[in-house]
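Chains as they are written, first to last, in our numbering: chain E, 256 to 769; chain C, 6 to 347. Glycine residues also receive a C-beta, built at the ideal position from the N, C-alpha and C atoms.
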Amino acid sequence: MSEYALEARNITKRFPGGVIANDQVDFSLKKGEIHALLGENGAGKSTLMNVIYGLYSPDEGEIWVDGDKVQIANPNDAIAKGIGMVHQHFMLVPVFSVVENIVLGSEMTKGPALDLSTPREKIRRLSRSYNLEVNPDAIVEDLPVGMQQRVEIIKALYRDARILVLDEPTAVLTPQEADDLFVVMRELTDKGVSIIFITHKLREVLAISDRITVMRRGKVVGTTTPQGKSESDLAAMMVGREVILQVEKGGAHPGKTIVEARNLSVRDERGLLAVNSVSFSIREGEILGVAGVQGNGQTELVEVITGIRHPESGEVWIDGRKVRLEDPRNLCEEGMAHVPEDRHKHGLVLTFNLIENVALNMYYAPPFGKGLNRNEEAMLDATEMIIKQFDVRTSGPWALASNLSGGNQQKVIVGRELSRPIKFLVVNQPTRGLDVGSIEFIYRRIIEERDKGVAVLLVSAELDEILGLADRIVVMYHGRLVAEMPIQEANKEKLGLLMAGSSLEEVEEVVPAD
Amino acid sequence: MATMSTTLMNEGQARTFWQKNRVLITFLSAVAVIIIYNFIRDQRITTAVLSSALRQSTPLVLGAFCGLMCERSGIVNIGIEGTMLLSAFVGFMASAYTGNIWLSVFIGVGAGASMGVLLAYMSVTLKMDQIIGGTVINILAIGLTGYFYQQGITAGSKLRAISIPALSDIPLIGPVFFRNPPITYLTLILIVVLHLVLYYSRWGLRTRAVGEHPRAADTVGISVTWVRYINVIVGSCLAGLAGVYLSLEAVGAFERGMTNGRGFVALAVMLFGKRTPFGAWGAALLFGFASALQTQLQFGGAIDIPHQFIGMLPYLLTILVLAGFVGRTRDPKALGQPYTKE
Numbered sequence: 256m257s258e259y260a261l262e263a264r265n266i267t268k269r270f271p272g273g274v275i276a277n278d279q280v281d282f283s284l285k286k287g288e289i290h291a292l293l294g295e296n297g298a299g300k301s302t303l304m305n306v307i308y309g310l311y312s313p314d315e316g317e318i319w320v321d322g323d324k325v326q327i328a329n330p331n332d333a334i335a336k337g338i339g340m341v342h343q344h345f346m347l348v349p350v351f352s353v354v355e356n357i358v359l360g361s362e363m364t365k366g367p368a369l370d371l372s373t374p375r376e377k378i379r380r381l382s383r384s385y386n387l388e389v390n391p392d393a394i395v396e397d398l399p400v401g402m403q404q405r406v407e408i409i410k411a412l413y414r415d416a417r418i419l420v421l422d423e424p425t426a427v428l429t430p431q432e433a434d435d436l437f438v439v440m441r442e443l444t445d446k447g448v449s450i451i452f453i454t455h456k457l458r459e460v461l462a463i464s465d466r467i468t469v470m471r472r473g474k475v476v477g478t479t480t481p482q483g484k485s486e487s488d489l490a491a492m493m494v495g496r497e498v499i500l501q502v503e504k505g506g507a508h509p510g511k512t513i514v515e516a517r518n519l520s521v522r523d524e525r526g527l528l529a530v531n532s533v534s535f536s537i538r539e540g541e542i543l544g545v546a547g548v549q550g551n552g553q554t555e556l557v558e559v560i561t562g563i564r565h566p567e568s569g570e571v572w573i574d575g576r577k578v579r580l581e582d583p584r585n586l587c588e589e590g591m592a593h594v595p596e597d598r599h600k601h602g603l604v605l606t607f608n609l610i611e612n613v614a615l616n617m618y619y620a621p622p623f624g625k626g627l628n629r630n631e632e633a634m635l636d637a638t639e640m641i642i643k644q645f646d647v648r649t650s651g652p653w654a655l656a657s658n659l660s661g662g663n664q665q666k667v668i669v670g671r672e673l674s675r676p677i678k679f680l681v682v683n684q685p686t687r688g689l690d691v692g693s694i695e696f697i698y699r700r701i702i703e704e705r706d707k708g709v710a711v712l713l714v715s716a717e718l719d720e721i722l723g724l725a726d727r728i729v730v731m732y733h734g735r736l737v738a739e740m741p742i743q744e745a746n747k748e749k750l751g752l753l754m755a756g757s758s759l760e761e762v763e764e765v766v767p768a769d
Numbered sequence: 006m007a008t009m010s011t012t013l014m015n016e017g018q019a020r021t022f023w024q025k026n027r028v029l030i031t032f033l034s035a036v037a038v039i040i041i042y043n044f045i046r047d048q049r050i051t052t053a054v055l056s057s058a059l060r061q062s063t064p065l066v067l068g069a070f071c072g073l074m075c076e077r078s079g080i081v082n083i084g085i086e087g088t089m090l091l092s093a094f095v096g097f098m099a100s101a102y103t104g105n106i107w108l109s110v111f112i113g114v115g116a117g118a119s120m121g122v123l124l125a126y127m128s129v130t131l132k133m134d135q136i137i138g139g140t141v142i143n144i145l146a147i148g149l150t151g152y153f154y155q156q157g158i159t160a161g162s163k164l165r166a167i168s169i170p171a172l173s174d175i176p177l178i179g180p181v182f183f184r185n186p187p188i189t190y191l192t193l194i195l196i197v198v199l200h201l202v203l204y205y206s207r208w209g210l211r212t213r214a215v216g217e218h219p220r221a222a223d224t225v226g227i228s229v230t231w232v233r234y235i236n237v238i239v240g241s242c243l244a245g246l247a248g249v250y251l252s253l254e255a256v257g258a259f260e261r262g263m264t265n266g267r268g269f270v271a272l273a274v275m276l277f278g279k280r281t282p283f284g285a286w287g288a289a290l291l292f293g294f295a296s297a298l299q300t301q302l303q304f305g306g307a308i309d310i311p312h313q314f315i316g317m318l319p320y321l322l323t324i325l326v327l328a329g330f331v332g333r334t335r336d337p338k339a340l341g342q343p344y345t346k347e
């Protein structure tokens with residue numbers, strides 16, 4: 256018997272267009288270990304996992320399971336070899352029950368009829384032996400996210416998975432739910448399951464994994480153990496140079512109140528109240544951080560403040576003037592800037608070049624607008640300025656926005672928004688999917704704006720980001736702001752509990768203010 | 006203590022069953038009372054209207070089944086009308102040339118299947134806009150049947166009603182349910198079959214999964230393409246059966262445009278029935294009843310309203326249903342979206 260549960264040898268995967276996503280990658284998973292696979296977006300982690308799970312076929316290389324060379328052409332082969340995958344976006348049918356989701360694809364039948372009672376028993380047995388409590392007859396969409404993830408894990412175990420791939424499993428969890436997951440992961444490895452844990456959160460890697468493999472630009476940089484390693488060591492391996500993880504930030508000097516939102520209520524597409532009578536104010540030179548698990552109304556809140564979505568009720572005042580929320584141009588002219596959550600949908604026109612994208616929100620006004628014409632020269636100058644100042648890596652101002660990497664696209668947006676005089680900056684998930692280098696840069700610019708006296712609203716699902724940047728923090732839960740505290744009183748545990756729906760009084764009992 | 010809590014629990018369950026279905030139960034009771042009242046007043050007309058309602062509902066049920074099979078797997082099929090029309094024509098022509106009625110039914114259904122293959126190819130393989138795909142089928146059917154239609158051709162025979170011994174002698178129920186031609190019987194059986202397939206079989210589970218979350222189905226090794234193809238083709242066979250019903254069972258002849266919008270009404274029926282087989286049947290009976298009533302009022306001459314207005318009844322109902330209920334049904338999540346592997 257081999258010491259390894261899984262080995263990928265010399266995997267090369269090229270995509271049409273000449274991109275080499277995996278370049279002679281070697282990866283080995285020992286039996287019963289938690290092996291973290293670490294790397295920036297686009298480093299090739301997901302490609303490697305998709306090769307192992309049979310979603311991609313590699314151009315070169317071999318996969319060995321339990322010491323035998325195997326061919327994995329599709330997910331069925333992978334499942335048959337005992338490989339299970341928990342995808343970042345859950346592969347669960349929301350309207351189905353837990354048991355229906357778990358049996359899907361490997362159903363048992365009694366004659367022509369579907370047999371759900373035998374699987375139901377097997378699921379009960381599995382939940383008992385792995386300590387994964389779940390009700391087989393619950394409807395998946397009624398379950399909290401942590402529980403849905405549990406269903407995904409049981410789904411893999413139900414198919415007798417001995418090798419479990421967890422793709423960014425903590426991205427959707429509160430810190431407490433993540434801790435629960437780590438307990439489950441240990442339980443699984445104690446019972447002989449081997450786990451590949453994909454992530455870009457360095458702290459978690461050090462906390463849970465037995466070995467760590469770091470990938471950069473399609474290649475394996477190295478494999479190491481967490482002993483004696485720090486977060487910055489790993490970050491340096493990921494990026495290939497030293498990076499500063501801590502944001503350097505002086506104290507805030509808040510002035511007068513610039514932004515005031517009163518009783519904002521918003522309905523989502525389903526007509527449910529996504530934001531429920533939210534009020535807040537931000538002062539000059541202050542960053543207000545909105546913490547919360549994704550899907551608690553943050554997106555809708557930002558959309559309504561920035562004029563993308565119509566409010567049910569409520570008003571927003573910027574610098575003593577009531578703004579017309581249904582009119583984004585008015586908001587823009589009142590001095591609001593917006594770095595949106597989804598840069599492809601709301602930030603850029605991907606099929607436009609950089610010049611057109613830079614002029615997008617001010618094309619009609621001088622210096623970009625000139626009578627009925629546009630002042631092409633002014634637009635070009637502004638674009639070149641942004642490229643230089645914001646260190647945008649591109650072939651030039653005429654490059655299409657779609658040809659830039661995520662980090663550079665984000666720099667263009669930030670550059671456009673910060674190149675005009677503003678009073679109020681709204682940033683939503685500013686560093687999602689960016690590499691460590693770009694993150695550092697964006698953080699620095701946000702703090703610079705604050706120091707210039709701009710009121711900043713920062714919405715982020717990353718607690719580290721909120722704790723690193725904000726001066727004051729509010730927690731959003733089920734469409735309401737449930738707690739507010741200055742940064743000095745905030746810590747991860749406290750915010751985690753608040754994000755999961757506890758009240759501030761309850762939290763103060765559990766986590767004493769330090 | 007133990008017995009008491011069990012009783013309480015049972016009561017609790019009984020209450021939820023009543024609460025869940027009280028609207029339906031009340032409605033069905035009211036319908037039953039009205040039918041019995043009318044039956045006592047006038048046996049002949051009540052029986053005639055009800056058995057006509059059942060027969061008029063047959064093509065609508067079959068068309069709605071086509072729609073629900075396609076939509077449950079994520080494909081919008083607005084080509085039901087065209088599929089019905091083409092099958093009605095092909096079935097009739099086959100009957101006229103071969104004289105073998107059962108062979109003709111089979112050929113007509115086959116024509117439906119070929120339309121299914123076409124729609125599946127356009128919407129699954131080519132990932133075309135599904136509304137355009139359905140429109141192609143509707144236009145194609147009108148064009149083909151119009152071009153090849155020859156006046157003066159008569160079919161050999163039509164499918165005759167079969168009386169089921171003993172059962173057909175029951176008053177009211179007998180003539181309505183047990184003195185029908187074969188496709189009408191088959192439809193009644195199909196309601197139960199489709200219900201069982203959709204909710205209690207492996208195929209049904211996979212179909213619904215593909216309509217809701219095709220990627221989830223793909224990652225557990227289910228072929229989204231295969232599931233969609235089969236559902237669209239089998240569904241189109243049912244629409245074909247509806248067409249054959251019109252030309253070989255109901256009328257015994259073919260006329261230009263004889264489906265007369267029934268394929269679209271079937272879509273309304275499907276939505277009104279919330280994409281469930283029994284729901285669709287109930288909705289189809291309502292529409293069938295509207296048609297039957299319309300005929301009865303026209304020929305009975307009891308009310309002095311121009312027949313054009315009475316003739317609107319089924320279509321008026323369609324508009325009301327579409328305006329009032331469509332927004333409230335929950336569509337399968339992946340409806341109308343072609344699936345692309347990553």
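With a cut-off of 8 Å, do at least 3 Cβ pairs link the stretch 259-274 of chain E to the stretch 293-309 of chain E? yes
Considering only C-alpha positions, which residue in the set Lys707/E, Leu428/E, Ser657/E is nearest to Ala507/E? Translated into the one-based positions of the first sequence, residue 507/E becomes position 252. Per the Cα distances, Lys707/E.
Determine the direct distance from the alpha carbon of Val141/C to that of Gly341/C, and round the result to whole angstroms. Start at 1 with the first residue of the second sequence, and residue 341/C comes out as number 336. Start at 1 with the first residue of the second sequence, and residue 141/C comes out as number 136. So the alpha carbons of these two residues sit roughly 16 Å apart.
Tell me the start and end of each unbroken alpha helix (DSSP H) in the stretch 439-506 of chain E that is at least 4 residues and wholly inside, in chain order. 457-463, 486-494
What separation, rounded to the nearest whole angstrom, lies between the Cα atoms of Gln18/C and Lys484/E? Here residue 18/C refers to the residue found at position 13 when the second sequence is read from its first residue. Here residue 484/E refers to the residue found at position 229 when the first sequence is read from its first residue. No answer about Gln18/C holds up, because its pLDDT of 47 lies below 50 and its placement is not dependable.
Residue-chain proximity (Leu603/E, chain C), Cβ-Cβ < 8 Å: Sequence index remark: in the first sequence, residue 603/E carries index 348 (1-based). No, because no Cβ of chain C sits closer than 8 Å to the Cβ of Leu603/E.
C-alpha gap between Gly72/C and Val256/C, whole angstroms: Translated into the one-based positions of the second sequence, residue 72/C becomes position 67. Translated into the one-based positions of the second sequence, residue 256/C becomes position 251. Between Gly72/C and Val256/C, the C-alpha separation is close to 24 Å.
Note down the Cα distance separating Leu251/C from Val38/C, rounded to an integer number of angstroms. Mapped onto the second sequence, residue 251/C falls at position 246. Mapped onto the second sequence, residue 38/C falls at position 33. About 32 Å.
Does the distance from the C-beta atom of Arg417/E to that of Ala260/E stay below 8 Å? The residue you call residue 417/E lines up with position 162 of the first sequence. The residue you call residue 260/E lines up with position 5 of the first sequence. Contact: yes.
Closer than 8 Å, CB to CB, is Tyr154/C near chain E or not? On the second sequence, residue 154/C is found 149 positions in, with the first residue counted as 1. Chain E, which has no Cβ nearer than 8 Å to the Cβ of Tyr154/C, makes this no.
In chain E, what lies closer than 7 Å to Ser206/C by C-beta? Start at 1 with the first residue of the second sequence, and residue 206/C comes out as number 201. The contacting residues are Pro367, Ala368, Leu369.
Determine which residues of the stretch 208-224 of chain C have a Cβ less than 8 Å from any Cβ of chain E, and write them out in chain order. Gly209, Leu210, Arg211, Arg213, Ala214, Glu217, His218, Arg220, Ala221, Ala222, Asp223, Thr224
By how many angstroms is the C-alpha of Glu362/E removed from the C-alpha of Thr812/E? A query on residue 812/E cannot be resolved here, the shown segment of chain E reaching from 256 to 769 and no further.
Between which residues of its own chain and Leu586/E is the CB-CB distance below 6 Å, once the five residues before and five after are set aside? Taking the first residue of the first sequence as 1, we reach residue 586/E at position 331. Excluding positions up to five away in sequence, the list reads Gly562, Val578.
Which residues of chain C have a Cβ atom closer than 7 Å to the Cβ of Ile563/E, listed in chain order? Counting from one through the first sequence, the residue named residue 563/E turns up at place 308. Correct list: empty, because the minimum Cβ distance to chain C is about 23 Å.
Is the CB of Gly550/E under 8 Å away from at least one CB in chain C? The residue you call residue 550/E lines up with position 295 of the first sequence. Not an interface residue.
Mind checking who Leu736/E pairs with in its DSSP beta bridge? Position 481 of the first sequence, counting from 1, holds the residue named residue 736/E. Note: Leu736/E sits in a beta bridge opposite Met731/E.
Are the Cβ atoms of Leu65/C and Ala271/C separated by less than 8 Å? On the second sequence, position 60 is the one that residue 65/C refers to. On the second sequence, position 266 is the one that residue 271/C refers to. Yes. Within cutoff.
Examine the Cβ distances between the stretch 73-93 of chain C and the stretch 131-149 of chain C and report whether three or more of them are shorter than 8 Å. yes
Cβ-Cβ distance between Ala297/C and Gln61/C below 8 Å: By 1-based counting over the second sequence, the position of residue 297/C is 292. By 1-based counting over the second sequence, the position of residue 61/C is 56. Yes, they are a contact pair.
Report the residue ranges of all beta strand (DSSP E) runs contained in full by the stretch 360-431 of chain E; include only those spanning at least 3 residues, in chain order. 363-365, 368-370, 418-422
Going by CA-CA distance only, name the one from Thr323/C, Thr224/C, Pro282/C, Gly96/C that's closest to Gly266/C. Working through the second sequence from its first residue, we reach residue 266/C at position 261. The residue with the shortest Cα to Cα distance from Gly266/C is Thr323/C.
Answer with yes or no whether the minimum CB distance from Ile348/E to chain C is below 8 Å. To locate residue 348/E, count along the first sequence from 1; it is residue 93. The question names Ile, but residue 348/E in the sequence shown is Val. At least one chain C Cβ lies under 8 Å of Val348/E.
Hey, is the stretch 341-360 of chain E in contact with the stretch 284-299 of chain E, meaning 3+ C-beta pairs nearer than 8 Å? no
Short Cβ contact (8 Å threshold) for Leu673/E with Val545/E: For this step, residue 673/E is matched to residue 418 along the first sequence. For this step, residue 545/E is matched to residue 290 along the first sequence. Contact: no.
Quick check on the DSSP output: the beta strand (DSSP E) that includes Val325/E runs from which residue to which? The residue given as residue 325/E occupies position 70 in the first sequence. Segment 323-325, the beta strand (DSSP E) holding Val325/E.
For chain C, check one thing: does any of its Cβ atoms lie closer than 8 Å to the Cβ of Glu524/E? For the purposes of this step, residue 524/E is taken as residue 269 along the first sequence, with counting starting at 1. No, its Cβ sits nowhere closer than 8 Å to a Cβ of chain C.
Just how far apart, CA to CA, sit Leu55/C and Thr150/C? Stepping through the second sequence from its first residue, residue 55/C is reached at position 50. Stepping through the second sequence from its first residue, residue 150/C is reached at position 145. Cα to Cα, Leu55/C sits roughly 32 Å from Thr150/C.
Which stretch, first to last residue, makes up the alpha helix (DSSP H) that contains Met640/E? As a working note, residue 640/E is residue 385 in the first sequence. Where Met640/E is concerned, the enclosing alpha helix (DSSP H) stretches over 631-644.
Could you please give the first and the last residue of the uninterrupted alpha helix (DSSP H) stretch that includes Ser119/C? Here residue 119/C corresponds to residue number 114 of the second sequence, with the count starting at 1. Run containing Ser119/C: 106-125, per the alpha helix (DSSP H) assignment.
Give the secondary structure of Lys666/E by DSSP, where H, G and I count as helix, E and B as strand, and everything else as coil. Residue numbering aside, residue 666/E sits at position 411 when the first sequence is read from its first letter. Helix, per DSSP.
Any beta carbon of chain E sitting closer than 8 Å to that of Gly139/C? Numbered from 1 along the second sequence, position 134 holds the residue referred to as residue 139/C. Cβ-Cβ to chain E under 8 Å: no for Gly139/C.
Do you know how far the Cα of Arg49/C is from the Cα of Gly157/C? Position 152 of the second sequence holds residue 157/C. Position 44 of the second sequence holds residue 49/C. Distance between the alpha carbons of Gly157/C and Arg49/C is about 35 Å.
Which full runs of the alpha helix (DSSP H) of 4+ residues lie inside the stretch 183-232 of chain C, going along the chain? 187-205, 207-217, 219-224
Contact list for the stretch 227-245 of chain C against chain E, Cβ threshold 9 Å: Ile227
Pairwise C-alpha distance: Pro509/E and Gly540/E: Here residue 540/E is taken as the residue at index 285 of the first sequence, counted from 1. Here residue 509/E is taken as the residue at index 254 of the first sequence, counted from 1. Their Cα atoms are separated by approximately 5 Å.
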